[in-house]
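To start, the structure itself, in structure tokens.
Residue numbers (our numbering): 7 to 135.
Right, here's the structure in full:
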């Protein structure tokens, strides 16, 4: 994960700079992500999830951040695929994604950063086996 994303700077920029077109694209990706998850199409869910996060990088209007995130997105897809296949460790974070979208929509950079960082927190690997 690029350090600029771990700090939330990219998400903060996206909240400040996003366009209505950016929001429409994000909403579509969230809807497709949810549909894929509900139907058990986990490969598509992973792709839509990664594309949603790329769309946030794109909304930052910072070409360097977007290039870094696109380079990172293959690793993200691999990690998400690993988590979702190991369903006993998978945490459905759809609510966090919706909260992130709402914060971006409201141009609330502080909330967007907070929710983004919560989404980056490691998923539980403890629990019952």
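For glycine and all other residues, C-beta sits at the position ideal for the given N, C-alpha and C. Source: prediction; values computed, not measured.
Which class does residue 51 belong to by DSSP, given the choice of helix, strand or coil?
Stepping through the chain shown from its first residue, residue 51 is reached at position 45. Residue 51: helix per DSSP, three-state reduction.
Sorted by chain position, which residues of the same chain lie with C-beta nearer than 6 Å to residue 135's C-beta, five sequence neighbours on each side aside?
Mapped onto the chain shown, residue 135 falls at position 129. Low per-residue confidence applies at residue 135: pLDDT is 34, beneath 50, and the placement is therefore not dependable, though the value from the model is reported in the following sentence. Nothing meets the Cβ criterion.
Sorted by chain position, which residues of the same chain lie with C-beta nearer than 7 Å to residue 99's C-beta, five sequence neighbours on each side aside?
Within the chain shown, the letter at position 93 stands for residue 99. 125, listed in sequence order.
Can you tell me whether DSSP reads residue 105 as helix, strand or coil?
For this step, residue 105 is matched to residue 99 along the chain shown. In the structure shown, residue 105 sits in a helix (DSSP, three-state: H, G or I).
According to DSSP, is residue 68 part of a helix, a strand, or is it coil?
On the chain shown, residue 68 is found 62 positions in, with the first residue counted as 1. Coil.
Closest by C-alpha distance to residue 42, when choosing among 53, 109, 32:
In the chain shown, counting from the first residue as 1, residue 42 sits at position 36. It is 53 whose Cα lies nearest to the Cα of residue 42.
Exposure label - residue 108; buried when at least 16 CB within 10 Å:
Here the question's residue 108 lines up with position 102 in the chain shown. Per the 10 Å Cβ criterion, exposed.
Given a threshold of 16 other Cβ atoms within 10 Å of its Cβ, counted over all protein chains shown, does residue 64 qualify as buried or as exposed?
Walking along the chain shown from the start, residue 64 turns up at place 58. The residue in question, residue 64, is buried, as its Cβ has 16 or more Cβ neighbours within 10 Å.
Residue 105 and residue 119: beta carbons closer than 8 Å?
Numbered from its first residue, the chain shown carries residue 105 at position 99. Numbered from its first residue, the chain shown carries residue 119 at position 113. No. Outside cutoff.
Do residue 102 and residue 183 have their beta-carbon atoms positioned less than 8 Å apart in this structure?
Within the shown structure, residues of the chain are numbered from 7 to 135, placing residue 183 beyond reach of any answer.
I need the DSSP call for residue 98, collapsed to helix, strand or coil.
Counting from 1 along the chain shown, the entry for residue 98 is found at position 92. The answer is coil: DSSP assigns residue 98 none of H, G, I, E or B.
For residue 22 and residue 115, which I take to be in contact (beta-carbon distance under 8 Å), what is that distance rounded to the nearest angstrom?
Along the chain shown, read from residue 1 onward, the residue named residue 22 stands at position 16. Along the chain shown, read from residue 1 onward, the residue named residue 115 stands at position 109. Confirmed, Cβ separation roughly 6 Å.
Would you identify the three-state DSSP class for residue 114, choosing helix, strand or coil?
In the chain shown, counting from the first residue as 1, residue 114 sits at position 108. Of the three classes helix, strand and coil, the one that applies to residue 114 here is coil, per DSSP.
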